[in-house]
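Numbering (the numbering used here), first residue to last: 38 to 945.
Every residue, glycine too, gets a C-beta built ideally from N, C-alpha and C.
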C-alpha cells in the first residue's frame, strides 16, 4: 500500500488531505491506514473533539474506528463494479474534529488486480470470406472484453498458427485493443470449404490471464466486387442533448456489381460494444446512423461505432468503417451542493471568522459549463471562504446577538457559467446559542405601591417584574430584597418577596399614623454564569384609613362637660366658645365638621361647621329662654368612609353680665392654651397673667396702707351702723344664688359680736375659693351683747388685716379672669356695683377703711386658738374676743346667735 499525505492550511481552521491505496478484493478488516496517527492527532482527544465521518461521504466499503482513527475494509471491494472501465478508481471520505474545527479529506485509491480474464462475447466466431478475396484483405473480429484496467487489461490476441491468416492487433483511441484477420494467401473453396482456429485474448497481468473462442472461417463462392466506404474512419460531433432520432451520420458504401451483387446493406460490426448498440441505431438500407437513446457527455465524451457493409450477392464480402462520435457538452447539469459538516449551533460570543459549515460544490458539465460561482443569499452575518478545489467554508462575518436573532437560515447558491446558466441552492439552519450577556431589567425603575393601613399581615401588596432577553438558564430569574433598615428594624420584617414570581407581601399591619411611607430595593438575579443582576426601588406608601375618631381638645370641663357663660345682653353672633378637635388621620379622614346634636331646640345657637365656633343665633329672650342654662351636645364628625365622630358636652349658663361669668375664665384660658398649642400664645398668656397679678398686688397694698390710717372710732361706727345693714342686704341678695355643698376647706369663719340691738354690726367674710373658679361673696353675720368686747376686737382687726394682706396678695392675684381686665372680672367690682345699684346707699356713712374692710370680699378674719393650745370641738371655740376670756363655754355658746348663709354660684 502506498500512502500519500498532503496537508493544506486554511484560515479559521485546518483542512488536510490524506491519500491511501488499497487493492481490490481485500479481506474484511484489512487495515488501510490510521488517519489519526498519520495526521499527528492526539488519540486521547478524539472522543472529546467528536472525531467523526461526514455523513454524506460515508461508503459501505470502508469504516473508521472513531476511537483509534484506524481506516478498515468493511466490505469486499470490486473495482470493476465500482468504477467500471475508468482508468482510475477512487473512494473519497471526509472526517473532521470539533473544537476547533479540523476537516480531513481522505482519498482511497482502489488498486486493480488481475482478477478477471479476457472473454469474447460468443464462444464461436464465424467469418465468411469469398474465395476470390485477394491476399491482404482484412476482416475485423469481435473483440474480447477484459474488465480489468491498466496493465491487467487486454493486451493482445493470438490465433492458431496456419498458412492462410494472421492477426493484426490494433489499438483504438480509447486504448482498447481489437484484432483484424488478414488473408495471407488465396483461398480455394473447392479444396477446403471451412477453416477452424482458436482465437486467444491475452491480458497483461502477472501471471497473464487468457480467454479463447473458436474462429470458423467459411470460404464462399466468388462475388467479384465488395462494397467500398468513402473513407475508413468518420468523425462527427453530437450534442449530448440531441433528441432521439437525430441523424449522426449518413454512411454510403458503393458496390460495382449489379443486381443483388451490387445492393448493399449496413450493420454494426460484431465487436461493437453493447452500450453503443443501446445509444445508436443504423438503417440497413440507407446507412443512416441515428440517436437511439439520450447521450450523456458526462458518461462518455467519445463513442466508436464500427459499421460493416456487404452486398446481397452470394458469398458477399463485407466492408468495414469506423465512426468516431464526439459528444459535445451542453449545460444540462446544475451544480450540486453537498454539506460535509454543519455546526448545529454557534455561540453569540463567537469571534468573526468562526467556521460554521464545510461544503463542496460539483458540476458534471465540462469547461465553462462546469465552472461554478458560489455565494450566500440575504443579509446574514456569514460569508463564504474558498478552501481548496471545490470546497468552501461558511464562517461568521460579524458579531452575533441571539436576542436579535436566535437562528439564521443560510442559503448557499451555486451558479455555473454555462449558457444559459444553471443554479442550485441549499439552505441550512444555524442556531445561535445563548450567552449570559444581558442583565435582568425591571419593567420600572421605581415602583410606587399603595397599601391601606390596617392591612392583614401576609397580604399580597404588589408584584415586581424583571425581564431577561437571554434564554434557558440565563433567563431564569430570582428576586430578593436588599437589606436596609426602616425605623431601626430590618426591611425584611416589613415585607417579603417570592423569589420566583416577584410577588411582594406585607409582613405586618401598617399604621399610617406611625409610618407614612418607606422605600427599599429589590434585586433580580439570573442563573447564568457569571450571574448578572439589576435593582429597582420600591416605595411603599401607606394609605390612610379612617380608623381614628376626632379628639376634642377644648373646651375642657369637669366630668366631660365644659361650662361657658352667656350674658343675657349678648348680641346675635356672640362667640360663646370654640370647639377645638383634632383627628390623627389625614386628608378627608381628618377634615372635620361640627354640629349641634341636642339642646338647641329653640334655635338659640348656631355652630360654624368648619371652624367649630359656637355663636348666638339671636338675642336672649325672657319668654323664649326661661332657663338659666343650656346643655348642648356638640358632635365632631370627620369625612372618612365610613365617617367617625366624637361628641362634647357644653353647659352654657345665662349670666346678667359678662363679668359675672368670668369666674371660669381661667378654665377657658387653659382651653385656649390647649387649643392653640403654640409657643407664642402661651408666652402671651404668661405675660398677661403676670401683668394682671402685679397690678392686683399693688392695689391690695394701697388698700392695706389706707386702712391702717383710718381711725378706730370711724371703724366702730361704720361697723355698728351701716356696714351690718349692708352686710344684711348683701346676704339677702346672695340668698338667691345657686346653693353649693361646702367643705371645711372652702370656708373660714370669724366671730361677730353677740346679738344686740338693731344696730349691731355684721362682719362680711369671704369663702376661699380655688384658682380660676367663679364665686359670689359668702357673708357670715354675728350679733353680740357685749359691745365693749366687740369694740376691742374691732380695734385690733385693722392690724390683723394689714398683717395678713401681704400674705394673701399672691393668692388673690390669681383670681384675675385671664382676660387681662381684672377690674371688670373681679368680685370687688361686682360688689361695689351691687352696692351702688341699690335704692338706698348703705355705705354712705362708712369711712374709707370701712369701705375697704366692711363690704370687700377680700376681708377675712383669722381663726384663734384657745389659750391652752387645744383645738375646740366647735368652730365657736376657735373664737377669741378680748375681755371675754372669763365667759364660760356654755354661756358663750348661749350668748352667740350664730347664723350663716352660703351662696354658691353655678360652677363647673
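query = Is it a yes or a no for the region 535-547 touching the region 450-469, going by three-plus beta-carbon pairs under 8 Å?
reply = No, because fewer than three Cβ pairs between the region 535-547 and the region 450-469 fall closer than 8 Å, the two stretches do not touch.
Check your understanding: Any idea if residue 624 is buried or exposed, counting beta-carbon neighbours within 10 angstroms, 16 or more meaning buried?
Key -> exposed
- Query: Alpha carbon to alpha carbon, what distance is there between residue 56 and residue 946?
  - Reply: Not covered by the structure: residue 946. The range shown for the chain is 38 to 945.
ask   = Going by the beta-carbon positions, is the gap between residue 947 and residue 536 smaller than 8 Å?
value = This structure cannot settle anything about residue 947, because the visible part of the chain is limited to 38 through 945.
Alpha helix (DSSP H) segment containing residue 312, residue limits: 311-316
What does a CB cutoff of less than 7 Å around residue 435 pick up in its chain, not counting 5 residues either side in sequence? 389 and 418
- Item | 8 Å CB neighbourhood of residue 468 in its chain, flanking five on each side removed | 381, 382, 383, 443 and 444
message: By the three-class DSSP mapping on this structure, what secondary structure does residue 412 have?
response: strand
Exercise for review: Indicate whether residue 279 and residue 328 have their beta-carbon atoms separated by less than 8 Å.
Suggested key: yes
Quiz item: If you follow the beta strand (DSSP E) that residue 162 is part of, which residue opens it and which one closes it?
Solution: 161-167
Between the CA atoms of residue 570 and residue 559 - distance to the nearest angstrom: 10 Å
ask   = Would you report the Cα separation of residue 165 and residue 326, rounded to the nearest angstrom?
value = 25 Å
If I measure Cβ to Cβ from residue 857 and keep anything under 7 Å in the same chain, skipping five residues before and after, which residues do I get? Because residue 857 sits at a pLDDT of 39, beneath the cut-off of 50, its placement in the model cannot be relied upon, and the following sentence gives the value as read from the coordinates. Result list for residue 857: 725 and 729, in chain order.
Item to complete: List the DSSP bridge partners of residue 560.
Response: 517 and 572
### For residue 446 and residue 315, the rounded distance between their alpha carbons
45 Å
Collapsed DSSP secondary structure at residue 358 in the structure displayed: strand
Measuring straight from C-alpha to C-alpha, what distance separates residue 887 and residue 734? Only weak support exists for where residue 887 lies, its pLDDT of 44 falling under 50; the value from the coordinates is given anyway. Each residue's Cα considered, the two are about 20 Å apart.
Residues sharing a beta bridge with residue 420, DSSP: 432
- Mind reading off the beta-carbon distance from residue 590 to residue 618? Whole number of angstroms is fine, and I expect it under 8 Å. Correct: roughly 6 Å between the Cβ atoms.
#### Entry: In DSSP terms, what residue 969 is bridged to
For the chain, the structure presents residues 38 to 945; residue 969 sits outside this window and is missing.
Here's the rule I'm using: 16 or more other beta-carbon atoms within 10 Å means buried, otherwise exposed. How should residue 22 be labelled? Residue 22 falls outside the range modelled here, since the chain spans only 38 to 945, and no answer is possible.
Considering only the beta carbon of each residue, do residue 656 and residue 643 sit closer than 8 Å?
no
Exercise for review: Determine the closest residue to residue 592 out of 669, 431, 288 and 531, with distance taken between C-alpha atoms.
Suggested key: 669
Tell me whether the region 681-697 and the region 605-613 touch, counting them as touching only if at least three CB pairs, one residue from each stretch, are closer than 8 Å. yes
Pick helix, strand or coil for residue 742, following the three-state DSSP scheme.
helix
Practice problem: Look up residue 70 in the DSSP assignment and give the residues it is bridged to. | Solution: Beta-bridge analysis with DSSP links residue 70 to 108.
### Task
Go through its chain and collect everything with a Cβ distance to residue 235's Cβ below 6 Å, but skip five positions before and after it.
197 and 249
Q. By how many angstroms is the C-alpha of residue 99 removed from the C-alpha of residue 285?
A. Taking the straight line joining both Cα atoms gives about 43 Å.
message = Using a Cβ-Cβ distance cut-off of 8 Å, determine whether residue 109 contacts chain D.
response = Absent from the structure: chain D. Only one protein chain is present.
| task | Could you please give me the residues that DSSP links to residue 555 through a beta bridge? | result | Beta-bridge pairing links residue 555 to 577.
Checklist entry - Helix, strand or coil: how does DSSP classify residue 732 here? => result In this structure, residue 732 counts as helix in the three-state DSSP scheme.
| task | Indicate whether the contact test is met: 3 or more Cβ pairs, each with one atom in the region 109-117 and one in the region 59-79, closer than 8 Å. | result | yes
According to DSSP, simplified to helix, strand and coil, what is residue 276? Assigned with DSSP and collapsed to three states, residue 276 falls in strand.
Point to revise | Cβ-based neighbour list, residue 77, same chain, cut-off 8 Å, excluding 5 preceding and 5 following | key: none
Am I right that residue 256 and residue 373 are in contact with their C-beta atoms under 8 Å? What's the rounded C-beta distance?
Rounded, the Cβ-Cβ distance is 58 Å, inconsistent with contact.
In or out: residue 202 buried (at least 16 other Cβ within 10 Å) or exposed? Buried: at least 16 other Cβ atoms inside 10 Å.
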